[in-house]
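Enquirer:
Residue numbers (mature numbering (1 follows the signal peptide of the UniProt record, and there is no 0)): -20 to -1, 1 to 275.
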């Protein structure tokens, strides 16, 4: 009775086309180490027929889409690394740039179906790049960053102070109840909204994923100091006293006559040119210059 009912249900779905033209995969999430092989599976239902067209597309982590298999052949980017079989796409070796989603699209003259397969290329993390300030003042916002661009899947991060791991929620731990920092394990940021003297210490960061060993950057000491208000006030007072002393010295030197006096300017004499008379001493016909001073 049960078998006959099951057959009736299958015949119903087949007649209505509900289960027809399906594309499936036996492993929607494939993980493979870098430079090793990987198989992506794609199985169309028999309804598509023996002449169904099968194409593979790739969407990378940034959202760009390219063809892997087009018109039954690997595209230029995948020649020599990818082979298409019935129901399978085989990589002879995967690279970290192959991280992303692959779509197997099956079509005939009337119907189209597809299935997605996610490929994760496993790459161990490298030593993360840590940015840690060495000197800050209390009351200021301070950001420590930690990032590794090599690991796949993307690493998570853990911060250490004086070789002690910092919990993500310091308020839940009595030993850290006075701390106000914030940790983002996905981005690798360690933020102090308002730095305190107790935040002084040696800081380091770890990058980790499930592809390889944990990597840690070298510890750097961060000193948090109080603002030296007394020193600033004393500096301003000294500067004002020095300016006042300089002004007094200039005034005193001017009063005693030590300062050089400005030279008095004298008017230049005006020269008037008069023509020589036709007669008189100047018989040789030459003109002589006569000057008169204008007072």
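Glycine included, C-beta positions come from ideal geometry on N, C-alpha and C.
Could you tell me which of 105, 38, 90, 97 sits nearest to residue 77, measuring between CA atoms?
Expert: If you number the chain shown from 1, residue 77 lands on position 97. Comparing Cα-Cα distances from residue 77 to each of 105, 38, 90, 97, the minimum goes to 38.
Enquirer: Since residue 147 and residue 157 are thought to touch, with beta carbons under 8 Å apart, how far apart are those beta carbons, to the nearest angstrom?
Expert: Reading the chain shown from its first residue, position 167 is the one you call residue 147. Reading the chain shown from its first residue, position 177 is the one you call residue 157. The Cβ separation is near 11 Å, so there is no contact.
Enquirer: Taking the straight line between their C-alpha atoms, what separation do you get for residue 69 and residue 19?
Expert: In the chain shown, the residue the question calls residue 69 occupies position 89. In the chain shown, the residue the question calls residue 19 occupies position 39. Roughly 6 Å separates the two Cα atoms.
Enquirer: How long is the line joining the alpha carbons of residue 184 and residue 200, rounded to whole angstroms?
Expert: Residue numbering aside, residue 184 sits at position 204 when the chain shown is read from its first letter. Residue numbering aside, residue 200 sits at position 220 when the chain shown is read from its first letter. Cα to Cα, the separation comes out at about 7 Å.
Enquirer: Take the Cβ of residue 223 as the centre, count every other Cβ of all protein chains shown within 10 Å, and call the residue buried at 16 or more, exposed below.
Expert: The residue you call residue 223 lines up with position 243 of the chain shown. Label assigned to residue 223: exposed.
Enquirer: Should the segment 106 to 116 be called in touch with the segment 128 to 137, which here means at least 3 C-beta pairs below 8 Å?
Expert: Yes, the segment 106 to 116 touches the segment 128 to 137.
Enquirer: Do residue 44 and residue 61 have their C-beta atoms closer together than 8 Å?
Expert: Indexing the chain shown from 1 puts residue 44 at position 64. Indexing the chain shown from 1 puts residue 61 at position 81. Taking 8 Å as the Cβ cut-off, residue 44 and residue 61 do not qualify as a contacting pair.
Enquirer: Would you check if the distance between the CB atom of residue 186 and the CB atom of residue 137 is smaller than 8 Å?
Expert: Walking along the chain shown from the start, residue 186 turns up at place 206. Walking along the chain shown from the start, residue 137 turns up at place 157. Their beta carbons are under 8 Å apart, which means residue 186 touches residue 137 by this criterion.
Enquirer: I need the DSSP call for residue 152, collapsed to helix, strand or coil.
Expert: Taking the chain shown and counting its residues from 1, one reaches residue 152 at position 172. In the structure shown, residue 152 sits in a helix (DSSP, three-state: H, G or I).
Enquirer: List the residues that DSSP assigns as beta-bridge partners of residue 140.
Expert: Sequence index remark: in the chain shown, residue 140 carries index 160 (1-based). Paired residues: 145, 184.
Enquirer: To the nearest angstrom, report how far apart residue 25 and residue 144 are at their CA atoms.
Expert: Position 45 of the chain shown, counted from the start, is the residue given in the question as residue 25. Position 164 of the chain shown, counted from the start, is the residue given in the question as residue 144. Their backbone Cα atoms lie some 57 Å apart in a straight line.
Enquirer: Reducing DSSP to helix, strand and coil, say where residue 77 ends up.
Expert: The residue labelled residue 77 in the question sits at position 97 within the chain shown. The answer is helix: DSSP assigns residue 77 an H, G or I state.
Enquirer: Pick helix, strand or coil for residue 168, following the three-state DSSP scheme.
Expert: Residue mapping note: residue 168 aligns to position 188 of the chain shown, counting from 1. Residue 168: coil per DSSP, three-state reduction.
Enquirer: So, under 8 Å CB-CB, residue 83 and residue 94 are touching, yes? Tell me the CB distance rounded to an integer number of Å.
Expert: As a position in the chain shown, residue 83 is number 103, starting the count at 1. As a position in the chain shown, residue 94 is number 114, starting the count at 1. The Cβ separation is near 5 Å, so the contact holds.
Enquirer: Taking residue 206 as the reference, which of 217, 178, 188 has the closest Cα?
Expert: Looking up residue 206 in the chain shown gives position 226. Ranking the options by Cα distance to residue 206, first place goes to 178.
Enquirer: Output yes or no for whether 8 Å exceeds the beta carbon distance between residue 204 and residue 114.
Expert: Position 224 of the chain shown holds residue 204. Position 134 of the chain shown holds residue 114. Cβ atoms of residue 204 and residue 114: not closer than 8 Å.
Enquirer: Would the segment 96 to 103 count as touching the segment 2 to 11 if we require 3 or more Cβ pairs under 8 Å?
Expert: Short answer: they touch.
Enquirer: To the nearest angstrom, how far is the alpha carbon of residue 116 from that of residue 6?
Expert: If you number the chain shown from 1, residue 116 lands on position 136. If you number the chain shown from 1, residue 6 lands on position 26. When rounded, the distance between both Cα atoms is 55 Å.
Enquirer: Looking only at DSSP bridge pairs, what is residue 111 linked to?
Expert: Taking the chain shown and counting its residues from 1, one reaches residue 111 at position 131. Per DSSP, 125.
Enquirer: Is it true that the CB of residue 48 sits closer than 8 Å to the CB of residue 55?
Expert: One-based indexing of the chain shown puts residue 55 at position 75. One-based indexing of the chain shown puts residue 48 at position 68. Taking 8 Å as the Cβ cut-off, residue 55 and residue 48 qualify as a contacting pair.
Enquirer: If you measure between the beta carbons of residue 52 and residue 23, is that distance less than 8 Å?
Expert: Position 72 of the chain shown, counting from 1, holds the residue named residue 52. Position 43 of the chain shown, counting from 1, holds the residue named residue 23. In this structure, residue 23 does not lie closer than 8 Å to residue 52 by Cβ.
Enquirer: Give me the Cα-Cα distance between residue -1 and residue 65, rounded to the nearest whole angstrom.
Expert: Here residue -1 corresponds to residue number 20 of the chain shown, with the count starting at 1. Here residue 65 corresponds to residue number 85 of the chain shown, with the count starting at 1. If you take the alpha carbons of residue -1 and residue 65, they lie about 22 Å apart.
Enquirer: Is residue 163 helix, strand or coil by DSSP?
Expert: Working through the chain shown from its first residue, we reach residue 163 at position 183. In the structure shown, residue 163 sits in a strand (DSSP, three-state: E or B).
Enquirer: Run through DSSP, which three-state label would residue 190 get?
Expert: Counting from 1 along the chain shown, the entry for residue 190 is found at position 210. Coil at residue 190, not helix or strand.
Enquirer: Tell me the rounded alpha-carbon separation between residue 46 and residue 34.
Expert: As a first step, residue 46 is located in the chain shown; it is residue number 66 there, counting from the start. As a first step, residue 34 is located in the chain shown; it is residue number 54 there, counting from the start. So the two alpha carbons sit approximately 15 Å from each other.
Enquirer: So residue 154 packs on residue 189, CB below 8 Å; how close in whole Å?
Expert: Taking the chain shown and counting its residues from 1, the one referred to as residue 154 is at position 174. Taking the chain shown and counting its residues from 1, the one referred to as residue 189 is at position 209. Their Cβ separation, rounded to whole angstroms, is 31 Å, which puts residue 154 and residue 189 out of contact at 8 Å.
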